[in-house]
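Visitor: Pasting in a structure now, in structure tokens, and then I'll have a few things to ask.
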Amino acid sequence: MKLVTAIIKPFKLDDVRENLQQLHIDGMTVSEVKGYGRQKGHTEIYRGAEYVVSFLPKLRIEIVVKDEQVQAAIEAIRAATNTGQIGDGKIFVSPIERAWRIRTGETDNDAL
Amino acid sequence: MKLVTAIIKPFKLDDVRENLQQLHIDGMTVSEVKGYGRQKGHTEIYRGAEYVVSFLPKLRIEIVVKDEQVQAAIEAIRAATNTGQIGDGKIFVSPIERAWRIRTGETDNDAL
Amino acid sequence: MKLVTAIIKPFKLDDVRENLQQLHIDGMTVSEVKGYGRQKGHTEIYRGAEYVVSFLPKLRIEIVVKDEQVQAAIEAIRAATNTGQIGDGKIFVSPIERAWRIRTGETDNDAL
Amino acid sequence: MRISPASLGLAAIASCLFAVPAFAGQSPIDPADTAFMTFSTALVLLMTLPGLALFYAGMVRKKNILATMAQSLAATAIVSLLWFVLAYSLAFRGDGALIGDASAAFLRGIGLDTVSPWARTIPEMLFSAYQMTFAVITCALIGGAAADRMKFSAFALFCVFWLFIVYVPSAHWVWGGGFLAQWGVIDFAGGTVVHINAGVAGLVAALMIGARTGYRKENFSPFDLSMAFVGLGLLWVGWFGFNGGSAEGAGSRAVYAMVATHLAACAGALVWSGIEWLHNGRPSVLGLISGAVAGLGTITPASGYVLPWQGAVIGVLAGGICYWSSTALKAKLGYDDSLDVFGVHGVGGVLGTLMAGVFATASVSASNGQAGISGLLEGNPHQLLVQAEGVVITILWCVIGTAVALKIVDLLVGLRVSSDDERLGLDLALHGEALHQ
Amino acid sequence: MRISPASLGLAAIASCLFAVPAFAGQSPIDPADTAFMTFSTALVLLMTLPGLALFYAGMVRKKNILATMAQSLAATAIVSLLWFVLAYSLAFRGDGALIGDASAAFLRGIGLDTVSPWARTIPEMLFSAYQMTFAVITCALIGGAAADRMKFSAFALFCVFWLFIVYVPSAHWVWGGGFLAQWGVIDFAGGTVVHINAGVAGLVAALMIGARTGYRKENFSPFDLSMAFVGLGLLWVGWFGFNGGSAEGAGSRAVYAMVATHLAACAGALVWSGIEWLHNGRPSVLGLISGAVAGLGTITPASGYVLPWQGAVIGVLAGGICYWSSTALKAKLGYDDSLDVFGVHGVGGVLGTLMAGVFATASVSASNGQAGISGLLEGNPHQLLVQAEGVVITILWCVIGTAVALKIVDLLVGLRVSSDDERLGLDLALHGEALHQ
Amino acid sequence: MRISPASLGLAAIASCLFAVPAFAGQSPIDPADTAFMTFSTALVLLMTLPGLALFYAGMVRKKNILATMAQSLAATAIVSLLWFVLAYSLAFRGDGALIGDASAAFLRGIGLDTVSPWARTIPEMLFSAYQMTFAVITCALIGGAAADRMKFSAFALFCVFWLFIVYVPSAHWVWGGGFLAQWGVIDFAGGTVVHINAGVAGLVAALMIGARTGYRKENFSPFDLSMAFVGLGLLWVGWFGFNGGSAEGAGSRAVYAMVATHLAACAGALVWSGIEWLHNGRPSVLGLISGAVAGLGTITPASGYVLPWQGAVIGVLAGGICYWSSTALKAKLGYDDSLDVFGVHGVGGVLGTLMAGVFATASVSASNGQAGISGLLEGNPHQLLVQAEGVVITILWCVIGTAVALKIVDLLVGLRVSSDDERLGLDLALHGEALHQ
Ligand SMILES: Nc1ncnc2c1ncn2[C@@H]1O[C@H](COP(=O)(O)OP(=O)(O)O)[C@@H](O)[C@H]1O
Ligand SMILES: Nc1ncnc2c1ncn2[C@@H]1O[C@H](COP(=O)(O)OP(=O)(O)O)[C@@H](O)[C@H]1O
Ligand SMILES: Nc1ncnc2c1ncn2[C@@H]1O[C@H](COP(=O)(O)OP(=O)(O)O)[C@@H](O)[C@H]1O
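Quick mapping for you: the protein sequence lines, in order, are chains A, B, C, D, E and F.
In terms of the numbering used here, the first sequence is residues 3 to 114.
In terms of the numbering used here, the second sequence is residues 3 to 114.
In terms of the numbering used here, the third sequence is residues 3 to 114.
In terms of the numbering used here, the fourth sequence is residues 12 to 448.
In terms of the numbering used here, the fifth sequence is residues 12 to 448.
In terms of the numbering used here, the sixth sequence is residues 12 to 448.
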């Protein structure tokens, strides 16, 4: 199993979910994060003082999938999120050794 | 060392913490996430328009433990969170190669 | 590639970012988390009832770096966050197998 | 006190002499009425700042909260200044059937002792300030229909044009002795002038600016309904000044108007949320507060003409009909009026103006020996007809005037933000600020 | 002005003739008093909407904020309508020792010129509306004790029964010429009728509904104390109308009541937070605002009978005793009164009603040549005894009546949400809405 | 009504006899003025609770929101109690050129029928309560300059000393018949007493306590500007009571003051945000509300002396000059006045006090046959000179008195929290509470 982590622009979430659903990947966990990278933040002016806000709001999507689904998942995410604009985000893949579904005790691929 | 990541229902946090404490696992990091899976969200009606809220509030618990503690930790978490109801959540295990305690510079197992 | 995850005190974020920038590590993802560990929380008293607030606000910083940058990144983070006080936090290193930049399709080291 | 035009002329002089006997022979200004109207003016301002700002901001998405508030403040600042520059005078001075005159432009001619024929026991400056708060909230209300996508510059400019093209004539026709008043249209505190105008202008704006990106696909649910709730609370309390104060003095008619208003709000809230309970299985907080506002808006034109218990009846109708127009009707017609300015205020305004013609009870509006206004229930179907004429004319003029105003603004600065800015949120895009960051 | 029953009879007629000399021979309605009472009515409504809604919502957990607000709005809508249907008449019309009559049901018989014997210089419609706002806030207050777990339907129904079973008789006994008034119980603005009733009803509700799941184990700390702070601010300002307006007219007695009220709030805030400072090492914001409300609630029955500086003394007592009852006493007895309605309002109401009997100063309540009420300090221990009788009878009736009302509601719809719904939060479970999502 | 000292003496008796003819021969207390002033008092209290608390709390970082609110409540409680203990008497009783006397300490001698020479138609108790709300908000305003780092204990103690050292004398000099009044300084509602005092004291506090850790490096942007917006709304509405009420009675002068105030706020908001639009490419919500407060603060001393349209002119100046002082000037001088109390209130107070000397129009302040005050534009340059003297003396005394008060508090409890506590946030460190957790 692999953990596919994608850092994306917030408004792309629904598109990603739809694309993944078509692959029958029906589980994911999403969290609000702030990202820093090539995309520049904005300047705020507060009573005459300028502050650079470097971190931009992003969403982190985490999906644990079977090894054979990884490539399809990545393509589905890219298809949904690629606008060609800076700050579209990243996808990272890392290993997952074991998995459980708490409710049933099913493990590994069955737990997903 | 392993990273044990559990996605659980929010109100189970205190039970998990208590169970882990009994195993002398005294460190964890918790974040608020939204989950999507077999458990269905709810429908909101806003001025006549229906919206499906697919993502449900969950907590993500992350614990880095020594290899030999993994099994006990998983059982402790399952014991605290298994209600038998859909949406109870998942546990994932992944490898951690190195660890530091910032304050002391201790590394790996000593850092936990 | 490695994922370097650091759990730090919130007000250290800017220092970390500056230190990493000097290493030309220009991407990171930050999330608000709550931490539990040796550092004790505080007691709140609410209309005569005491509650222990065990979890403290922390930031989780995630940086995916090339293998050869790991050591430098860790030192940069430690230098910025070590106050010698309990609760300074942890750094964990875990493997990343693949990476994509969504916008360009660049992969692995090129994607960072 | 909205005085029917027939009561003017000689009666005006007579009532000056006899109406306020304890002070006859002295300044016509009554301290009690002045205190009452000061208080009413403050309450109506409270309705906009921060009432409406909260009510509206609480219903938008997080990224547009500050921008929504900014609209209310801009409307207040711009309309207030223009009011004293010229708008007041055009609305409430002079005898024109269509428009007043410029005799009080820049406040000229409004001295410490001047009173207006429309409010003979308080300083005219106070009457003008009171009326100003009505013009302010009417413009601010319109903003809700175009929320989440209209440029700040466009909204600010729109207020300028719309005030003079639509609000000022409309107010003159009904309250300033214009032709609708001469025909006998009654509108105690703004069914046509405030609510129909705001609602219809909102609809036109929603149509001309177009729907929000993602409308009916994305989840647009309110970020912080507690804000909207607080806004509703302040609107409700402020409405005592809006409707009560429209009696232009402290007395039983003001009290009747307030009680009718309060009961309409109560009934509206229960009916709207009750329908939801039947349809959706539970009453929403949004439904409770929407129903209350529907009741408040709808009773407005009738409030000083009907018996208090009739306010409850009107509130029941308001809750039901405005629920329908803000859900079923809106869905059917497909326009995107973000905060249902048309569904609540436009439809409520029409309903209330007609109901004034149905329920008007002569004894409530009788004063100083002059007969009051009777409606359909008291055997005067003519009043209902007149009210319908007032409604139709107000709507027609408002549609044309609003379209013209928007067109001008569109040519000058453009109405709508870019789709990138809409995505990012108006708070950051237009004001460089964000909530909770 | 709460008039002691002894002052009625012939005196009533006499004072009509002589009390308002500038208007003698004309309408008894005084515009200044009408303006003042209109303003007071608006202020008391502001206390509930949005004052109490904010105060309460700010002290619950995030998932219950909207539901807590919804209770205040439901209480307002339901109680207001019933008030005019029948409750006002039963409370303030007729001579019964136990209950009034139905002579003003559905507002019948309250004309433009009608005045009430209980407020002879303002329209009865205004007096009725003013009293309505008291009934509203009393019912809304009770909701706080059962917050986080009571069904919305149950709370709405409970308001209906409780209004008629408890509030209406209690108001009649003390303010409508009933037997407690005849015995000489004084209660300026609602120590028994409002605060003891709300507090005791809250306690009974908390006991019958049971503690919140997780009580004394989980962290129930308030999600947004800034909301509660704003609520306190609006309550405080509104209390000027609550206590000042209970003089039923603009004058020195109203001013005395307001100043006593203000000083009690100040003293209560400092004492409560000061005790915390000593005990816990720091004063909490929750303590500051709780102490202020304790002072405000406690001074209420005494406010128009005592000297302003005595308000400060009563505030000191309130801060100390209500702190104790909301922390130590509550912990000892083990009930879960979510927002300390009993600890603050119940205990404060008892304290204040007794203190009225201690501090009452004849000169403050004297009017039109009639002697005022003296308390213990002026050598009249009997007044304290009478006050104690009033307290005991109010508590007894309230316990019984509340239990009956709750039992009926329990049979009809059940009082408490399911434990799943309690977990999920009432906002989503009962209203299908959530804050900040 | 601020009466110039020259108008006292025989005139005082005369006006008692002739000014309120309908009540001549009876109690001097006018119910209408009493209603009006009650309402004004409530409005000014609303400015602090919750107005200023919200305005300030909305501009700080999340971790300091509750602590910022706590300051406003502490100021209210402490100053109110001390006001009645002694401060009122020292400020408004007695003939001293420098300070009043203790004749009304502990409210002694303020009976139900007592009136003050400074407000002859309302109970003195009401006048005292009204003035109390001014002292309260002045102290509360200062807190903003030291927000985010001052100890709660230090702020509380500071209020005690500063009230007596600075506020009381200053109020006596200008409003209580002291030497500045004798020189002819005019200050309708607090340019010197309230705004210069608060602003200058804030500056001294900011300098003595030192800048916030991270000043000009970290991002200190406001956590919740919607709160600040609501606060501004309540301040604005409350200012009708602040400036209107300073006429001490319901009448045209009060109305003029209110309209001038409102127009100044409108103009200030547009100018400040307009300058931002030019400089930064967009108008911020913070700019809109800051400009409105600048307009409101600046018009204050002039409000009852000028024509309403002149209020707009003063608002324009206020928006521009206070923008400059809160951005460019502050940056240049380098002090850290967290919420720009000096930049807005201090500078605005100076500007407004001088503008009163420029724009004063005799007809507005004329009363009972006595001539009003003329300013520079009416050919009386002397008035501007006198105003400048008032400004200089107020600033000097305030700098010295504030420094002394802070020094004493520093010795007693220390002014500033530890840097760890500053990091953690004052909410948790000082009050053991936190928002949204
Ligand atoms: N090395 C990295 N490690 C972790 N997260 C990163 C890294 N680089 C970028 N990110 C995340 O990806 C987001 C997008 O990256 P950015 O460099 O701004 O644009 P792009 O991916 O289009 O080149 C960032 O906001 C950040 O959250
Ligand atoms: N494949 C997955 N990858 C990441 N997170 C998942 C995955 N499947 C489920 N989750 C997380 O686990 C939560 C519970 O899963 P769900 O399928 O709803 O119930 P259950 O675990 O009882 O089958 C989800 O809300 C989501 O946060
Ligand atoms: N075993 C662990 N797994 C995951 N996170 C941990 C673990 N131990 C500590 N943490 C995180 O690191 C933070 C700091 O740890 P703590 O033990 O309090 O202090 P220190 O690192 O100085 O010993 C915690 O608040 C928690 O977020």
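All residues carry an ideal CB built from backbone N, CA and C; glycine is no exception.
These numbers were taken from a predicted model, which means no experiment stands behind them.
Is B:ALA51 close to chain D, meaning its C-beta is less than 8 Å from at least one C-beta of that chain?
Guide: As a first step, residue 51 of chain B must be located in the second sequence, where it is residue number 49. It does; some Cβ of chain D falls within 8 Å.
Visitor: Write down the C-beta distance between F:VAL296 and F:PHE234 rounded to the nearest angstrom, noting that I regard them as a contact closer than 8 Å.
Guide: On the sixth sequence, position 285 is the one that residue 296 of chain F refers to. On the sixth sequence, position 223 is the one that residue 234 of chain F refers to. Between F:PHE234 and F:VAL296 the Cβ distance is about 13 Å, and since that is not below 8 Å, they are no contact.
Visitor: In the DSSP assignment, the alpha helix (DSSP H) including C:ALA81 goes from what residue to what residue?
Guide: On the third sequence, residue 81 of chain C is found 79 positions in, with the first residue counted as 1. It spans 72-83 - the alpha helix (DSSP H) in which C:ALA81 sits, taken as one unbroken run.
Visitor: Within its chain, find whatever has a CB closer than 7 Å to the CB of B:LEU15; leave out the 5 residues flanking it on each side and keep chain order.
Guide: For the purposes of this step, residue 15 of chain B is identified with residue 13 of the second sequence, where counting begins at 1. So the list reads VAL32, LEU61, once near-sequence residues are dropped.
Visitor: Once the 5 residues before and after E:ILE89 are set aside, which same chain residues still bring their CB inside 7 Å of it?
Guide: Translated into the one-based positions of the fifth sequence, residue 89 of chain E becomes position 78. Counting only Cβ-Cβ distances below 7 Å, and skipping sequence neighbours, we find ALA167, CYS170, VAL171.
Visitor: With 8 Å as the threshold, decide whether the Cβ of F:ALA367 is near any Cβ in chain D.
Guide: For the purposes of this step, residue 367 of chain F is identified with residue 356 of the sixth sequence, where counting begins at 1. With 8 Å as the cut-off, F:ALA367 does not count as an interface residue toward chain D.
Visitor: Between the stretch 196-212 of chain D and the stretch 126-139 of chain D, do three or more beta carbon pairs fall short of 8 Å?
Guide: Touching, no.
Visitor: Run through DSSP, which three-state label would D:TRP129 get?
Guide: Numbered from 1 along the fourth sequence, position 118 holds the residue referred to as residue 129 of chain D. In the structure shown, D:TRP129 sits in coil (DSSP, three-state: anything other than H, G, I, E or B).
Visitor: Going by the CB atoms, is the gap between E:LEU54 and E:VAL327 shorter than 8 Å?
Guide: Sequence index remark: in the fifth sequence, residue 327 of chain E carries index 316 (1-based). Sequence index remark: in the fifth sequence, residue 54 of chain E carries index 43 (1-based). Taking 8 Å as the Cβ cut-off, E:VAL327 and E:LEU54 do not qualify as a contacting pair.
Visitor: By how many angstroms is the C-alpha of F:ILE325 removed from the C-alpha of F:PRO312?
Guide: For the purposes of this step, residue 312 of chain F is identified with residue 301 of the sixth sequence, where counting begins at 1. For the purposes of this step, residue 325 of chain F is identified with residue 314 of the sixth sequence, where counting begins at 1. When rounded, the distance between both Cα atoms is 11 Å.
Visitor: Check this for me: beta carbons of E:LEU214 and E:GLY401, under 8 Å apart or not?
Guide: As a working note, residue 214 of chain E is residue 203 in the fifth sequence. As a working note, residue 401 of chain E is residue 390 in the fifth sequence. No, the pair does not count as a contact, with Cβ atoms beyond the cut-off.
Visitor: Which whole runs of the alpha helix (DSSP H) in the stretch 359-409 of chain F are 4 residues long or more, in chain order?
Guide: Taking only runs of at least 4 residues, the alpha helix (DSSP H) segments lying wholly in the stretch 359-409 of chain F are 373-376.
Visitor: What is the DSSP secondary structure of E:PRO294, counted as helix, strand or coil?
Guide: Walking along the fifth sequence from the start, residue 294 of chain E turns up at place 283. Correct three-state label for E:PRO294: coil.
Visitor: Against chain D, does E:PRO32 count as a neighbour if the rule is that its beta carbon must be under 8 Å from one of theirs?
Guide: Numbered from its first residue, the fifth sequence carries residue 32 of chain E at position 21. Since pLDDT at E:PRO32 reaches only 38, below the 50 mark, its modelled position is unreliable, and the value read off the structure follows with that caveat. Output row for E:PRO32: interface = no.
Visitor: Give the secondary structure of B:TYR38 by DSSP, where H, G and I count as helix, E and B as strand, and everything else as coil.
Guide: As a first step, residue 38 of chain B must be located in the second sequence, where it is residue number 36. Strand, per DSSP.
Visitor: So, helix, strand or coil for D:VAL428, using DSSP?
Guide: Here residue 428 of chain D is taken as the residue at index 417 of the fourth sequence, counted from 1. The answer is coil: DSSP assigns D:VAL428 none of H, G, I, E or B.
Visitor: Please report how far the alpha carbon of E:MET161 lies from the alpha carbon of E:LEU426, in whole angstroms.
Guide: Translated into the one-based positions of the fifth sequence, residue 161 of chain E becomes position 150. Translated into the one-based positions of the fifth sequence, residue 426 of chain E becomes position 415. About 6 Å.
Visitor: By a C-beta neighbour count over all protein chains shown, 10 Å radius and 16 as the cutoff for buried, is F:HIS273 buried or exposed?
Guide: Within the sixth sequence, residue 273 of chain F is the residue found at index 262, counting from 1. Counting Cβ neighbours within 10 Å, F:HIS273 comes out buried, since at least 16 surround it.
Visitor: Could you tell me whether any Cβ in chain A is nearer than 8 Å to the Cβ of F:VAL428?
Guide: Residue mapping note: residue 428 of chain F aligns to position 417 of the sixth sequence, counting from 1. Chain A contact via Cβ: absent.
Visitor: Taking E:MET366 as the reference, give the member of E:LEU387, E:TYR346, E:SER349, E:LEU350 with the closest Cα.
Guide: Here residue 366 of chain E refers to the residue found at position 355 of the fifth sequence. Nearest of E:LEU387, E:TYR346, E:SER349, E:LEU350 to E:MET366, Cα basis: E:LEU387.
Visitor: Output needed for F:ALA116: all residues of its chain with C-beta closer than 6 Å, excluding positions within five of it in sequence on either side, in chain order.
Guide: As a first step, residue 116 of chain F is located in the sixth sequence; it is residue number 105 there, counting from the start. Cβ within range, chain order: LEU97, SER100.
Visitor: Given a cut-off of 8 Å, decide if C:GLU99 and A:VAL6 are closer than it, judged by their beta-carbon atoms.
Guide: Your numbering for residue 6 of chain A matches position 4 in the first sequence. Your numbering for residue 99 of chain C matches position 97 in the third sequence. Not a contact, by the Cβ cut-off of 8 Å.
Visitor: Would the beta-carbon of E:GLY363 fall within 8 Å of that of E:GLY298?
Guide: Translated into positions along the fifth sequence, residue 363 of chain E becomes position 352. Translated into positions along the fifth sequence, residue 298 of chain E becomes position 287. No; because the gap between Cβ atoms is not below 8 Å, this pair is not in contact.
Visitor: Please report the Cβ distance between C:ILE104 and A:ILE93, rounded to the nearest whole angstrom; I am assuming they are in contact, meaning their Cβ atoms lie under 8 Å.
Guide: Looking up residue 104 of chain C in the third sequence gives position 102. Looking up residue 93 of chain A in the first sequence gives position 91. That belief holds up - the Cβ atoms of C:ILE104 and A:ILE93 are roughly 6 Å apart, short of 8 Å.
Visitor: Is C:ASP90 close to ligand 3? I mean its beta-carbon at under 7 Å from any heavy atom of the ligand.
Guide: By 1-based counting over the third sequence, the position of residue 90 of chain C is 88. Yes.
Visitor: Could you tell me whether the Cβ of E:GLY36 comes closer than 8 Å to any Cβ of chain F?
Guide: Along the fifth sequence, read from residue 1 onward, the residue named residue 36 of chain E stands at position 25. Its pLDDT being 46, under 50, E:GLY36 is placed unreliably by the model, and the measurement read from it follows with that caveat. False, the Cβ-Cβ gap to chain F never drops below 8 Å.
Visitor: Rounding to the nearest angstrom, what Cα-Cα distance links C:ARG40 and C:ARG49 in this structure?
Guide: Numbered from its first residue, the third sequence carries residue 40 of chain C at position 38. Numbered from its first residue, the third sequence carries residue 49 of chain C at position 47. Those two C-alpha atoms are separated by around 28 Å.
Visitor: Hey, is C:GLN71 close to ligand 1, as in C-beta under 7 Å from one of its heavy atoms?
Guide: As a first step, residue 71 of chain C is located in the third sequence; it is residue number 69 there, counting from the start. No - ligand 1 has no heavy atom lying nearer than 7 Å to the Cβ of C:GLN71.
Visitor: With F:VAL279 and F:ASP41 assumed to form a contact (beta carbons below 8 Å), what rounded beta-carbon distance in angstroms separates them?
Guide: The count along the sixth sequence starts at 1 and reaches residue 279 of chain F at position 268. The count along the sixth sequence starts at 1 and reaches residue 41 of chain F at position 30. According to the sequence provided, residue 279 of chain F is Gly. The question's Val does not apply to it. Actually they do not touch by this definition, with Cβ atoms about 34 Å apart.
Visitor: By the 10 Å Cβ neighbour count, where 16 or more other Cβ atoms means buried, how is E:ARG227 classified, buried or exposed?
Guide: Within the fifth sequence, the letter at position 216 stands for residue 227 of chain E. Exposed: under 16 other Cβ atoms inside 10 Å.
Visitor: Mind listing which residues of the stretch 29-45 of chain A have their C-beta closer than 8 Å to chain C's C-betas, in chain order?
Guide: Those would be SER33, GLU34, VAL35, LYS36, GLY37, TYR38, GLY39, ARG40, in chain order.
Visitor: Is there a C-beta anywhere in chain C that falls below 8 Å from the one on F:GLY298?
Guide: Within the sixth sequence, residue 298 of chain F is the residue found at index 287, counting from 1. It does not: the Cβ of F:GLY298 has no partner Cβ on chain C nearer than 8 Å.
Visitor: According to DSSP, is E:PHE199 part of a helix, a strand, or is it coil?
Guide: Position 188 of the fifth sequence, counted from the start, is the residue given in the question as residue 199 of chain E. Correct three-state label for E:PHE199: coil.
Visitor: Near E:PRO294, what residues of its chain come up, given a Cβ to Cβ distance below 6 Å and the 5 sequence neighbours on each side ignored?
Guide: Counting from one through the fifth sequence, the residue named residue 294 of chain E turns up at place 283. Once the five neighbours on either side are set aside, the close Cβ partners of E:PRO294 are SER284, GLU287, TRP288.
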